[in-house]
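Following: one structure in structure tokens, then a few remarks.
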Amino acid sequence: MAKNRFLEIFQGRNGQMSAKRVFGGIFCISCITAAFLYYPFETVCFLGGSGLSLLGAGLAERKK
């Protein structure tokens with residue numbers, strides 16, 4: 001089930017895997033990995049802060 005959901009992210013409207021989305025996802029993950037290797041503490045703080053702000057925004061939206 002989780003694998004299906006993960007693959008849906010990379011599929012376009014017609015159900016085919018979109019190369020642009022796949023390469024975008026690989027690029028994003030590789031950038032985060034490279035940043036973590038050079039600046040581990042700052043990367044964790046940045047991702048944690050981003051996650052908390054998204055979580056807060058989601059909770060605020062849900063309360064409406």
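Using full-length UniProt numbering, you'd call the opening residue of the sequence shown number 1 and step up by one each time.
Virtual Cβ for every residue (Gly too), placed ideally from N, Cα, C.
A quick note: this is a predicted structure, and the numbers were derived from the prediction, not measured.
Using the C-alpha atoms, what's the distance from Gly58 back to Gly51?
In this structure, the alpha-carbon of Gly51 lies about 10 Å from that of Gly58.
Kindly indicate the opening and closing residues of the alpha helix (DSSP H) around Tyr39.
Careful: Tyr39 lies outside any alpha helix (DSSP H) and carries neither H nor E.
One question on the structure: do Ile32 and Thr43 come within less than 8 Å of each other, judged by their Cβ atoms?
Taking 8 Å as the Cβ cut-off, Ile32 and Thr43 qualify as a contacting pair.
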